[in-house]
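K.L.:
Structure incoming, see below.
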Amino acid sequence: MHWEVVWDNFDYFLWGATKFDGTFPFIHDVGGLLASIILAVLGIFFAFWIGMAFGLMRLSKKRWLKLPSIIYVETIRGVPLLMLIFWFYFLAPIMLGHNIPGFYSSLIAFIIFTGAYIAEIVRAGVMALPSGQLEAARGSGLSQTQAMMFVILPQALRNMIPSFVNQFVSLTKDTSLAYVIGVNELTRTAVQVDNREMNASAEIYITIAVLYFIICYVLTSTSRRMEKQLSRYQARDR
Amino acid sequence: MNYTFEWDVVLSGEYAEWLYEGFVTTLQISAVSLLFAMLLGTLICVMRMTPFRPLQWFALAFTEFFRNTPLMVQVLFWYFGAYLVVPEGIMTWLNELYLFVPGPFTLFGHEFVGEWLLLNVEFFSGVIALTVYTSAFIAEEIRAGIFSIPKTQLESSRAVGLSFMQAYRFVILPQALRIVVPPLISQSLNLIKNSSLCMVIGVSELTFMARQVESYSFRGFEAFTVATIVYLCISLVVSLCINMYNKHFMLQVKY
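The structure is reproduced here in structure tokens:
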């Protein structure tokens with residue numbers, strides 16, 4: 007057993023070679039667990055808006071709004087994330103004419119990928135509300151948009167919070183895939199240290215598995231608790 | 151965007167063969183892992199529901215740990231770090247293990263002649279990682295399905311005079327299966343998609359082969375398009391299966 011290898015490199019696992027200075031974006035060469043978390047947070051933030059747009063589009067009755075959303079969601083959900091990461095990795099240089107860092111191309115892949123799943127969450131969340139809510143809102147004189155904005159979405163979004171947390175957890179796990187295109191996140195730092203030391207593979211991989219586990223488990227149990235609390239105040243069909 | 155597509159490069163000759171081999175390997179690794187994952191998942195679920203506490207805790211720890219760690223790390227662990235949990239003797243034995251592949255017959259254009267082949271350690275570790283990861287999800291799906299059947303169903307069937315096993319066999323499981331099977335089918339689709347991660351340890355499945363074609367021919371777009379379409383077709387077939395199942399077995403609620 008060589009746990010001292012893990013101990014000596016533990017700070018590298020946590021933040022890699024991250025440097026802070028005064029020039030934009032103030033943080034450079036993010037690595038390790040910090041990079042994983044930043045990727046996941048940025049990914050879920052942008053994916054939320056994309057997912058919101060496509061989820062609502064899919065609920066619309068107009069076919070020209072519905073169709074793009076169906077194609078987007080079903081295509082992305084049918085393809086492995088690894089494939090998407092490769093797509094954006096090879097697509098970016100050809101589209102832009104120059105290379106972009108793996109960090110950004112993997113971030114784009116995460117956003118597009120998670121967006122499709124969030125679109126499904128949004129759709130399911132809105133459809134789970136009793137139809138009486140929309141009918142009553144329309145009946146009291148609100149337009150469709152107003153009814154959505156002031157009656158449906160505030161309730162639906164609150165009920166969706168646990169699903170968003172779960173999606174964030176699976177995105178956190180999925181950031182480990184960015185390793186294959188050379189983003190210096192937690193899994194890659196582990197592989198680097200493993201390749202350098204050669205004698206402590208099991209210890210290293212167990213350590214980073216535990217690091218991922220701590221984050222994901224805390225979030226999963228929070229979302230489970232929230233789900234219980236929220237279900238008490240949900241509008242129901244009677 | 152100035153890129154000229156040359157489809158015939160990847161759709162014929164050696165590269166097409168590679169992609170085809172990758173497709174077959176993807177199916178193989180997914181089928182083997184799915185079989186084991188179903189067995190292990192059921193076992194874990196049964197352990198979770200036995201009235202014996204330590205078994206429950208073990209099953210709970212198993213599902214929580216493997217659901218909350220990335221598959222990538224698990225794949226790397228089972229390939230590079232398995233020496234920690236597998237005794238050295240077994241490791242050496244596995245590395246020198248010859249398996250008999252029966253033959254002669256042709257399957258998927260693959261000719262089996264009936265020979266002893268060295269165990270493919272990458273494939274083997276990939277199967278273990280996929281099995282363990284997927285079984286944690288499967289166990290949860292099965293448990294959720296059984297829990298969604300009201301407790302009174304079991305109690306009343308016991309009161310009617312069925313034994314515990316009979317109650318499960320004739321009352322609980324037929325109802326639970328209707329709820330469990332569709333998520334299980336979508337788990338198997340997830341498994342097929344997740345098998346692409348095995349490329350990092352060198353299992354030559356579809357994504358690995360697409361990558362290899364890209365690095366040999368610089369025809370990344372074509373290779374990845376082919377692989378993407380294959381994955382899409384697989385997922386289309388699987389979702390058709392779910393729809394067909396739902397059409398046949400879903401409860402038609404009538405008021």
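Protein sequences, first through last, are from chains A and B. FYI, the numbering for the first sequence is 7 to 244, going by this note's numbering. FYI, the numbering for the second sequence is 151 to 405, going by this note's numbering. C-beta atoms are modelled at their ideal positions from N, C-alpha and C, and glycine is treated no differently. Nothing here was measured: the structure is a model prediction, and the numbers come from that model.
1. I believe G38/A touches G22/A by the beta-carbon criterion, under 8 Å. Please report the beta-carbon distance rounded to the nearest angstrom.
2. What's the gap between the Cα of E171/B and the Cα of E164/B?
3. Tell me which same chain residues have a C-beta within less than 6 Å of the C-beta of P99/A, skipping the five on either side of it?
4. Enumerate in chain order the residues of its own chain whose CB-to-CB distance from G352/B is below 6 Å, with the five nearest sequence positions on each side excluded.
5. Please tell me whether M98/A has its Cβ less than 8 Å away from any Cβ of chain B.
6. At a cut of 8 Å, does the stretch 216-227 of chain A reach the stretch 152-162 of chain A through at least three beta carbon pairs?
7. With a cut-off of 8 Å, do at least 3 Cβ pairs link the stretch 356-365 of chain B to the stretch 376-386 of chain B?
8. So with CB distances below 7 Å, who are the chain A contacts of Y381/B?
9. Would you check if there are 3 or more beta carbon pairs closer than 8 Å linking the stretch 324-338 of chain B to the stretch 293-300 of chain B?
10. I think T284/B touches S346/B, with their Cβ atoms under 8 Å apart; what is that distance to the nearest whole Å?
11. Give me, in chain order, the residues of the same chain whose beta-carbon lies closer than 6 Å to that of F109/A; leave out the 5 immediate sequence neighbours on both sides.
12. Give the DSSP bridge partners of V251/B, in chain order.
13. If you measure from the beta carbon of S112/A to each beta carbon in chain B, is any gap under 8 Å?
14. Should D180/A be labelled buried (16 or more other beta-carbon atoms within 10 Å of its own) or exposed?
15. Note down, in chain order, every chain B residue with its Cβ under 7 Å from the Cβ of Y223/A.
16. Take F94/A and list the residues in its own chain whose beta-carbon comes closer than 7 Å to its own, dropping the five residues that flank it on each side.
17. I'd like to know if I214/A contacts chain B, where contact means its C-beta is closer than 8 Å to some C-beta of that chain.
18. Residues of chain B with CB closer than 7 Å to the CB of D200/A, please, in chain order.
19. M359/B versus chain A: which residues are under 7 Å apart at the beta carbon?
20. For W55/A, go through chain B and note every residue whose CB falls closer than 7 Å to its CB, in chain order.
21. For the stretch 173-185 of chain A, which residues have a CB atom closer than 9 Å to at least one CB atom of chain B, in sequence order?
22. Residues of chain B with CB under 7 Å from F219/A, in chain order?
23. Along the chain, where does the alpha helix (DSSP H) that runs through V282/B open and close?
24. Relative to the C-alpha of Y18/A, which residue among Q240/A, I33/A, L192/A and A215/A is closest?
25. Please decide whether S385/B counts as near chain A, where near means a Cβ-Cβ distance under 8 Å.
26. Give the interface partners of V223/B over in chain A, defined as CB-CB distance under 8 Å, in chain order.
27. What are the residues of the stretch 49-76 of chain A that lie near chain B, defined by any Cβ-Cβ distance shorter than 9 Å?
28. Bridge partners of A33/A, per DSSP?
29. If contact means a Cβ-Cβ distance below 8 Å, which residues of the stretch 231-246 of chain B contact chain A?
30. State the beta-bridge partners of G38/A as determined by DSSP.
31. Going along chain A, which residues have a C-beta under 7 Å from T378/B?
32. Can you tell which of V235/B, S275/B and L334/B has the C-alpha that lies nearest to the C-alpha of E290/B?
33. Note down, one range per segment and in chain order, each alpha helix (DSSP H) of at least 4 residues found wholly within the stretch 141-206 of chain A.
34. Tell me whether L312/B sits in a helix, a strand or coil according to DSSP, three-state version.
35. Please go through the same chain and pick out, in chain order, the residues whose beta-carbon is closer than 6 Å to the beta-carbon of G61/A, but skip the five residues on each side of it.
36. Just checking my contact of V159/B with S367/B at CB under 8 Å: how many whole Å lie between their CB atoms?
P.N.:
Let's see:
1. Along the first sequence, read from residue 1 onward, the residue named residue 38/A stands at position 32. Along the first sequence, read from residue 1 onward, the residue named residue 22/A stands at position 16. G38/A to G22/A, Cβ: 4 Å. Contact.
2. Locating residue 171/B in the second sequence gives position 21, counting from the first residue. Locating residue 164/B in the second sequence gives position 14, counting from the first residue. Their Cα atoms are separated by approximately 10 Å.
3. Here the question's residue 99/A lines up with position 93 in the first sequence. Excluding positions up to five away in sequence, the list reads N105.
4. Within the second sequence, residue 352/B is the residue found at index 202, counting from 1. In chain order, E272 place their CB closer than 6 Å to the CB of G352/B, counting only its own chain and leaving out the 5 sequence neighbours on each side.
5. As a first step, residue 98/A must be located in the first sequence, where it is residue number 92. First, the residue type needs correcting, since residue 98/A is Ala and not Met in the sequence shown. Taking 8 Å as the CB threshold, A98/A stays off the interface with chain B.
6. Segments in contact, no.
7. Verdict: yes, contact present.
8. Start at 1 with the first residue of the second sequence, and residue 381/B comes out as number 231. Here the neighbours are G84, V85, P86 and M89.
9. With three or more CB-CB distances shorter than 8 Å, the stretch 324-338 of chain B counts as touching the stretch 293-300 of chain B.
10. For this step, residue 284/B is matched to residue 134 along the second sequence. For this step, residue 346/B is matched to residue 196 along the second sequence. About 14 Å separates the two Cβ atoms, so there is no contact after all.
11. Residue numbering aside, residue 109/A sits at position 103 when the first sequence is read from its first letter. Excluding sequence neighbours, F109/A sits near V189.
12. The residue labelled residue 251/B in the question sits at position 101 within the second sequence. Beta-bridge pairing by DSSP links V251/B to E265/B.
13. Taking the first residue of the first sequence as 1, we reach residue 112/A at position 106. Cβ-Cβ to chain B under 8 Å: no for S112/A.
14. Mapped onto the first sequence, residue 180/A falls at position 174. Classification for D180/A: buried.
15. Within the first sequence, numbered from 1, the residue matching residue 223/A stands at position 217. By Cβ distance, chain B contributes E214 and N218.
16. Your numbering for residue 94/A matches position 88 in the first sequence. Contacts found: S111, I114 and A115.
17. Residue 214/A sits at position 208 when you count from the first residue of the first sequence. Judged by the 8 Å Cβ criterion, I214/A is in contact with chain B.
18. Here residue 200/A is taken as the residue at index 194 of the first sequence, counted from 1. By Cβ distance, chain B contributes F230.
19. Position 209 of the second sequence holds residue 359/B. What M359/B touches in chain A: nothing, since even the nearest Cβ is about 12 Å away.
20. Position 49 of the first sequence, counted from the start, is the residue given in the question as residue 55/A. Residues of chain B whose Cβ lies closer than 7 Å to the Cβ of W55/A do not exist; the shortest such Cβ separation is about 25 Å.
21. Answer set for the stretch 173-185 of chain A: V175, T178, K179, D180, T181, S182, L183 and Y185.
22. Your numbering for residue 219/A matches position 213 in the first sequence. F215, N218 and T219, listed in chain order.
23. The count along the second sequence starts at 1 and reaches residue 282/B at position 132. V271 to F297 is the span of the alpha helix (DSSP H), which, as asked, contains V282/B.
24. In the first sequence, counting from the first residue as 1, residue 18/A sits at position 12. Of the candidates Q240/A, I33/A, L192/A and A215/A, the one whose C-alpha sits nearest the C-alpha of Y18/A is L192/A.
25. Your numbering for residue 385/B matches position 235 in the second sequence. Interface residue (Cβ-Cβ distance to chain A less than 8 Å): S385/B is classified as such.
26. By 1-based counting over the second sequence, the position of residue 223/B is 73. Chain A residues near V223/B: S182, T193, A196, Y211, I214, A215 and Y218.
27. From the stretch 49-76 of chain A, no residue has a Cβ closer than 9 Å to chain B.
28. For this step, residue 33/A is matched to residue 27 along the first sequence. According to the sequence displayed, residue 33/A carries Ile and not Ala. F26/A, per the DSSP bridge assignment.
29. So the list reads G231, A232, Y233, L234 and V235, given in the order they occur along the chain.
30. Residue numbering aside, residue 38/A sits at position 32 when the first sequence is read from its first letter. For G38/A, the beta-bridge partners assigned by DSSP are E191/A.
31. Residue numbering aside, residue 378/B sits at position 228 when the second sequence is read from its first letter. Correct list: V85 and M89.
32. Translated into positions along the second sequence, residue 290/B becomes position 140. Comparing alpha carbon positions, the residue from V235/B, S275/B and L334/B closest to E290/B is L334/B.
33. Segments of the alpha helix (DSSP H) lying fully in the stretch 141-206 of chain A: 159-180 and 192-203.
34. Against the second sequence, residue 312/B aligns to sequence position 162. Three-state result, L312/B: coil.
35. Along the first sequence, read from residue 1 onward, the residue named residue 61/A stands at position 55. Sequence-distant partners of G61/A (beyond 5 residues in either direction) whose C-beta falls short of 6 Å from its own C-beta, in its chain, are A125, V128 and R129.
36. By one-based count along the second sequence, residue 159/B stands at place 9. By one-based count along the second sequence, residue 367/B stands at place 217. The C-beta separation of V159/B from S367/B comes to about 6 Å, placing the pair in contact by the 8 Å criterion.
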